[in-house]
Ligand SMILES: [Zn+2]
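Numbering (the numbering used here), first residue to last: 1039 to 1249.
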């Protein structure tokens, strides 16, 4: 198993975007994208999704989002309404340009889904997963002001297909676990140091009782 912690710790980096495109482009028949909010309309992402599906006659694309607060009463899906519900509707219409043979777009009727989990499946087996803080939104996906942490986990058998994962410079807050005994400890220490460094060196205000 490989584990990487993606830490977008400054403006000008997009480790989530890069690695999400990498994950979706892995060959496999199924892709699941779940997010609290989903508004991202990105041609490059759809191209990457379709390249992952290209060798499969039957492919399935599933999305789930859900944290919308009160459901908007406007029934016209073509509305320019700016609520989270209608932004998601707009998003799935955009994503339906994908060549996936089956598309299933879900929303959580309870409005409680807030997890960010992105899964690529090959021959009924999950081969890679990103679990994050990153929603499917431009601020999370692109370089910009939003700070995010995501964990990328993959089956060791596909390591050779992830060569680009090792090209991301450490300055982008990216850490990959090496394959040696104690790798988990090393990964935890590195990410702990990342977080401490961020708190100590960036503009973070302490609130409440100073003692
Ligand atoms: Zn609306």
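Where a beta carbon is used, it is the ideal one built from N, C-alpha and C, also for glycine.
Residue i: CB within 8 Å of a non-hydrogen atom of ligand 1
i	result
residue 1077	no
residue 1121	yes
residue 1117	yes
residue 1105	no
residue 1131	no
residue 1238	no
residue 1124	yes
residue 1232	no
residue 1110	yes
Residue i, DSSP secondary structure in three states
i	result
residue 1176	helix
residue 1044	strand
residue 1073	strand
residue 1126	helix
residue 1086	helix
residue 1163	strand
residue 1140	strand
residue 1078	coil
residue 1099	strand
residue 1187	strand
residue 1237	helix
residue 1222	helix
residue 1156	strand
Minimum C-alpha distance to residue i - residue among the options
i	options	result
residue 1136	1187, 1086, 1188	1086
residue 1106	1174, 1150, 1040	1150
residue 1094	1140, 1049, 1194, 1058	1140
residue 1142	1124, 1176, 1166, 1098	1098
residue 1108	1146, 1168, 1157	1146
residue 1173	1076, 1122, 1081, 1091	1076
Assigned exposure category for residue i - 16 Cβ within 10 Å defines buried
i	result
residue 1074	buried
residue 1071	buried
residue 1051	buried
residue 1246	exposed
residue 1103	buried
residue 1161	exposed
residue 1188	buried
residue 1060	buried
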